[in-house]
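To start, the structure itself, in structure tokens.
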Amino acid sequence: MSIRNLRVATRINVGFAALVMLLVAVGAGSLQGMHGSSAEVEGNWLPSIIAISHLDQATWQIRASTLRALASFDTTTATKLDNEKSELARAGDTYRGYISSPEEQPLHNRFDADLRNYLSLQNPIIEHLSANQLADAEQLVNQKLNEQGHLMSTDLAALTKLNEDGAKNAAPASSSTYQRANLLVGFTLAGAALMALVLPRSIVRPLSRAVQVASAAEQQAAVAREVDRSLVNMRDVSRLAVELNAVVTSFRL
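Residue numbers for the sequence shown follow the numbering used here, so the first one is 112 and each next one is one higher.
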């Protein structure tokens, strides 16, 4: 259906309603995209990095306490180590709730395996220290425990880097959403400019045509009156009247 078949008021209302809806859609879509990227960073990547930091701190604490036990071991040392193991377990549970990517789960599984191996080596060391077998305890620490602790640190460093990269990648996604919003706003402005050209023409052209037809009809009517309303002139007047009516109809309000 041609735009000229619509009333002028309808043309204006439809045009501006479409423009407003497009602007609302662009704004809502852009805000939702940027909110999603921000929520991903604040709700997942950042808490995950903090949880890994706490897990790393708990790991270093238990490693340091184990080494200090070689220099000074008493009945409270085992109790302190048990408390630190509980703190380490809580830190691990907290971090586990933030695992969100397929790449992260295998790294966490590897850390869990290395942690279990570390704790399994720690138990006989404490037993040797309790029995005053310092040489045997030092041998286990130097040959096995230190290497296992290094593996845990490597695992945690890999997990930290993975989450930091995830946070960095989420920032460009938000920037990309902003750029797309700017592009859509540009298209919207172009559409508004096009509407500003088309809508007035759809109104002005029928007006101009109506004026031309009315002028011609007036001239034909004057001629018809001068020649005693001849049949030919009356037919011309009728034809112009019909054409004028059609033009006016197309320019209905």
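We treat Cβ as the ideally placed atom computed from N, Cα and C, and that holds for glycine.
Measuring straight from C-alpha to C-alpha, what distance separates residue i and residue j?
i    : j    : result
N243 : A278 : 49 angstroms
K255 : S241 : 19 angstroms
R201 : I160 : 16 angstroms
N155 : K191 : 32 angstroms
E74  : N253 : This structure cannot speak to residue 74, because the chain is shown only from 112 to 364.
T187 : R179 : 12 angstroms
Q216 : L199 : 18 angstroms
A301 : N220 : 54 angstroms
N280 : R207 : 21 angstroms
Between the options, which lies nearest to residue i when the distance is taken from Cα to Cα?
i    : options                   : result
A269 : L192, T177, A224 and L218 : L218
T170 : L267, A301 and K272       : L267
T177 : N234, N280 and A301       : N234
S211 : L273, A301 and L305       : L273
R227 : A189, Q259, L192 and S164 : Q259
H261 : A162, A175 and H165       : A175
L166 : T186, A224, Q216 and T205 : T205
I163 : T271, D276, L305 and N280 : T271
S197 : L230, A182 and L181       : L230
D185 : S264, L199, L232 and I237 : I237
L157 : Y209, F222 and D193       : Y209
Q168 : A224, M263 and A301       : M263
I'd like the span of the alpha helix (DSSP H) that includes residue i, first residue to last.
i    : result
Q254 : Note, Q254: premise wrong, no alpha helix (DSSP H); not H, not E.
Y206 : T186 to R207
S237 : The residue you asked about is not Ser; residue 237 is Ile in the sequence shown. E215 to S241 is the extent of the alpha helix (DSSP H) around I237.
Q172 : L157 to A182
Which same chain residues, not among the five before or five after residue i, have their C-beta less than 8 angstroms away from its C-beta?
i    : result
H239 : L245, D247, A248 and L251
A189 : I237 and S241
Give me, in chain order, the residues of the same chain whose beta-carbon lies closer than 6 angstroms to that of residue i; leave out the 5 immediate sequence neighbours on both sides.
i    : result
Q52  : Here the chain comprises residues numbered 112 to 364, so residue 52 is not present and cannot be evaluated.
N257 : none
F222 : D266
Any heavy atom of the ligand GDP closer than 7 angstroms to the CB of residue i?
i    : result
R221 : With respect to the ligand GDP, the structure offers nothing, as it holds no ligand at all.
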